[in-house]
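In this text, residue positions in the sequence shown follow my numbering: the first is 790, and each later residue adds one. Using N, Cα and C, we set each Cβ at its ideal position, and we do this for glycine too. Okay, structure first, notes after.
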Amino acid sequence: MSVNRSVLEKKTDKELEQYIKPDSRFVPEAIEHAFEILKSRGKEFTEEENQRINLLRAEKNKKEEINISPNYIKASNIIYLSAGLGVINLFFMYLSLGIDSINALFMGFSSIAFVAGIGYLARRGANWIKYVLLISFILSFFLGFIRVLIFLINIIPLSGFIVITQASLQIWALILLFKISQTKKLN
């Protein structure tokens, strides 16, 4: 339920003071708006009233905190591990193949930053990030994952193994992220 601030602004100071009394039965948002309106009109508040509004704001912020599932944290750690392996693989390929192209290094670090960003958003509890990870994984698989993997296994077997490990970790993270939705629906 939202409170229309403009309705409260039309009220007199006396009416607004009813909102901020300790025995007030108004919703916290209305009390906070009344407090802000009175403050903008120049009313001085007692220390008790200031403490009460600060406590009210703290309770409101506490309720707004997102409860992050442990699976989000696990998935985030797995995604970070995948990004870390990507950094190792990039340096390994740089040394093995002698890649001296700035564009190739930029593309590699951009991909790693993208994966790390997905990990960060998963840790923050962004529910939609699982779809981004799924779509990017499917696109990368169909757009050349197999060809790159065959090339790497033939030329640099260790690098091919790292790519397979990264793909496995990302699949594991996807399973954890989608498992969250299933458990929430059951409750």
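- Measuring C-alpha to C-alpha distances from E821 to each of T835, E833, G831 and N839 identifies N839 as the nearest.
- The C-beta separation of Q959 from S871 comes to about 6 angstroms, placing the pair in contact by the 8 angstroms criterion.
- Annotated three-state conformation of N866 is helix, per DSSP.
- As the crow flies, the alpha-carbon of N878 is around 31 angstroms from that of S858.
- Of the residues A905, E848, V921 and L886, the one whose Cα lies closest to the Cα of L941 is L886.
- Annotation: the continuous alpha helix (DSSP H) that includes D802 extends over D802 to Y808.
- Going by DSSP, P811 is part of no alpha helix (DSSP H) at all; its letter is neither H nor E.
- By the Cβ test, the segment 949-967 is in contact with the segment 921-937, since at least three Cβ pairs between them sit closer than 8 angstroms.
- With a cutoff of 9 angstroms on beta-carbon distance, Y909 and S865 are scored as near each other.
- Looking at L966, L805, V816 and G873, the one whose alpha-carbon comes closest to that of R846 is V816.
- Within the model, the alpha-carbon separation for N843 versus I826 is close to 15 angstroms.
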